[in-house]
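These protein sequence lines map, in sequence, to chains V and P. First residue of the first sequence: 1, per my numbering; consecutive thereafter. First residue of the second sequence: 1001, per my numbering; consecutive thereafter. A virtual CB, placed ideally from N, CA and C, is assigned to each residue, including glycine. Owing to the predicted nature of the structure, the values given are computational and were not obtained by experimental measurement.
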Amino acid sequence: MSTDKIGIIRTKVRAGDRVFSTSTLLAGSVILVVLAAVAIFLFVQSMPALVAPPGTLPHGAPSFWSYVFPFVFGTVWAAAIALLFAIPISIGVALFISHYAPRRIAQLLGYIVDLLAAVPSVVFGLWGIGVLAPTLQPLYKWLNLNLGWIPFFGGQVSGTGRTILTVGIVLAVMVLPIMTAVCREIFLQTPRLYEEAALALGATRWEMIRIAVLPFARPGIISAAMLGLGRALGETLAVAMVLSPAAVVTFFLLTSRNPNTIAGNIALQFPEASGIGVNTLIASGLVLFVITFIVNAIARFAVNRRKEFSGAN
Amino acid sequence: MTATVTSALPNSLTAGKLPRGTAWIVLASSWLLIGIVFWLVNLADGSNEFNLVGTVFFGTVLFDIAIYVLSWLVEGSRRAKDRLVTALIATTFVVAVLPLVSLIDTVVINGLPGILKPSFFTESMRNVLGPGGGALHAVIGTLEITMAATIISVPIGLLTSIYLVEYGTGALARTITFMVDVMTGIPSIVAGLFAYALFVLVTGDPGYRSGFGGSVALSVIMIPVVVRSSEEILKLVPNELREASFALGVPKWLTILKVVLPTAIAGITTGVTLAIARVIGETAPLLLITGFTSSVNYNLFGDQMMTLPMFIYTQYANQGPAAADFLNRAWASALTLILIVMVLNLIARLVAKYFSPKSGR
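Shown next as structure tokens:
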């Protein structure tokens, strides 16, 4: 506020101003401290597992990295399946709300999709195991019987439907609201003149969207996908409840021996773990933290770079 | 019917056009057709449960194909593609809403008998192995833990957003904004592990469990949500109000306290309510740091505490001899939790609608 230039009246620095601005600065710094503390505390608690001699880790794993590898694979695999479903559907829903639905009901439809975000993950888990898995099981049996020659559908089909494909679908439903919200915001930011120019040249509505809206929104769609990926990687309870896990690395989608995710493994093992088992789980949590941190940082970087154009978050 | 002149005139502008409302008629007939097929299959099977979800889904798929073929025959390939995409995009919306409908339907049907029992909110699970019992201990735990998390998060979050909007410039403000964004994406289970690691280091007890630990974990999730929403709202406060206040000689901190915050209070309340709704259903961190119990525990700072999400999880995961009773309680508490979250969302929207200042725009 005050400058030292001659001729400008310098404001008096009041005690109230100083106290208030310092406390807001402190609060802001607390966030940086907390984020650093998360990394430091996790690292300190995972040290015993990282340097543990062979044979002391759970499942007789020779080193921490060979212990955590199947879970890293499971985490990425489940999230990839979820995105495979969620990306096209969220783009479609966002386009429906932004460009197809009548203006008056568009906002209402947006609320309906946001309602999905209000459902706690443990309820999704209950629904996944009670409703979705039994519903999909006959479909899995059919896929395995008729399309079993495709590597993904091979293997011994699960009798309960608690497979990684079911988990992927539940995760897709859970990340849908955030991805739809980001896509919708960006679709609405498309310059009106581009759209009208395309329509004036005789384009149909789909051609207008393809040549005006989608190219403009592509970076936003990518960051929406990254944000969804960040959510799907860290989702815990839905995975822990629905998946029938095993410490395996497999691409089979329909069997009852599925690669578990890091978060799901922690939730299942932590209450009974003790000693070095706890340290191992915390170390795997640190791995998850690093993965999601990188994914989110890339997503946010992509969003922020285009902040002038997009209104996303 | 409109004449099909596509063969004579390849120009799509002058090609034939399907009459208005054709799409709706085709959609209704597709649903009807698939419905009849499912009904016949049911008759053959002898089962009497009508598959509504299947009917809507396969009927919509049939509609996509039918409208494409029809439009291609009458209107040419460009318009046919346009109609196909319109139909597909409407289909994605239906696909997205189906899980929500199925979920709410299941939770209400399975949970309603449970929460209508008066004992559900007046009894805990102490010494209950079969039917009966209730979620009193879980409701108490959820209220206390969420309240403590709110008390920690709101001052920090609000002050940070004030810093970012009113004071912050340069690298520090940019770093904080970026870190808040990244913090929004921290997996909730990592927040739980952090709280566990923190309290174990402080107390030196590797089996540490308490409700307050859960509050700390929830704060890590809640603070960035509060910061983001308050920041957006504070940015909306017109600069003219601040300048008018400065012009009258009011110091900056009083301007913020007496002019900026009162103008933005409705939006801030909305943001805080939504943040509470976001963390009240979190389970993973509480699983690690708060633990679970079947008795009432009022003490936030000692011993394990039960919460509603953990109640759902334990009733599902540790089913006793009478599994049905445990599942019924799980569904009943799921319904309770969803109702709480939806009421909080509703309150937030109503506050935003009725208490926000009337702007000139």
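For Leu199(V), the nearest beta carbon of chain P is not closer than 8 Å to its own beta carbon. Sorting Ile1162(P), Ala1322(P), Ile1265(P) by C-alpha distance to the C-alpha of Ser21(V) places Ile1162(P) at the top. For Met1179(P), the nearest beta carbon of chain V is closer than 8 Å to its own beta carbon. In the structure shown, Ala52(V) adopts coil according to DSSP, grouped into three states. Around the beta carbon of Lys1252(P), 16 or more other beta carbons lie within 10 angstroms, which makes this residue buried. Looking at the DSSP output, Ala246(V) sits in a beta bridge with Pro259(V).
Residues of chain P whose Cβ lies closer than 8 Å to the Cβ of Tyr100(V) are, in chain order, Thr1086, Ile1089, Ala1090.
Its Cα nearest to that of Leu254(V), the residue Leu139(V) stands out among Ala267(V), Leu139(V), Ala263(V). Positions of the beta strand (DSSP E) runs, each at least 3 residues long and wholly inside the region 152-240 of chain V, cannot be given because no such run exists.
Ser1077(P) is outside the set of residues whose beta carbon lies under 8 Å from a beta carbon in chain V. In the three-state DSSP reduction, Ser1210(P) falls in the strand class (E or B). Collapsing the DSSP output to three states places Asp1045(P) in a helix. Per DSSP, the unbroken alpha helix (DSSP H) holding Met1310(P) starts and ends at 1308-1317. Residue environment for Met47(V): exposed (fewer than 16 other C-beta atoms within 10 angstroms of its C-beta).
For Arg1329(P), the enclosing alpha helix (DSSP H) has its first and last residue at 1323-1355. Cβ-Cβ distances below 7 Å link Ile298(V) to Met226 in the same chain, with the five nearest sequence neighbours on each side left out; the list follows chain order.
Trp1253(P) has a beta carbon lying within less than 8 Å of a beta carbon in chain V. For a Cβ distance threshold of 8 Å, residue set Ser21, Thr24, Leu25 of chain V lies close to Tyr1167(P), ordered along the chain.
For Asp114(V), DSSP records no beta bridge to any residue. The shortest CA-to-CA distance from Leu171(V) to any of Thr24(V), Ala302(V), Leu132(V), Leu35(V) is the one to Leu132(V). Under the three-state reduction of DSSP, Asp1205(P) is assigned to coil, being neither helix nor strand.
Under the three-pair Cβ rule at 8 Å, the region 1214-1225 of chain P counts as touching the region 1148-1165 of chain P. Taking all protein chains in view, the Cβ of His59(V) is surrounded by fewer than 16 other Cβ atoms within 10 Å, so the residue is classified as exposed. Residue contact with chain P for Trp206(V): present (Cβ-Cβ distance below 8 Å to some residue of chain P).
The beta carbon of Ser1219(P) sits closer than 6 Å to those of Ala1149, Ile1152, Ser1153, all from its chain and outside the five residues before and after it, given in chain order. The Cβ of Gly60(V) sits no closer than 8 Å to any Cβ of chain P.
Residue pairing for Asp1303(P): DSSP places it in a beta bridge opposite Ser1210(P). A direct Cα-to-Cα measurement between Met1147(P) and Ile1340(P) gives close to 14 Å.
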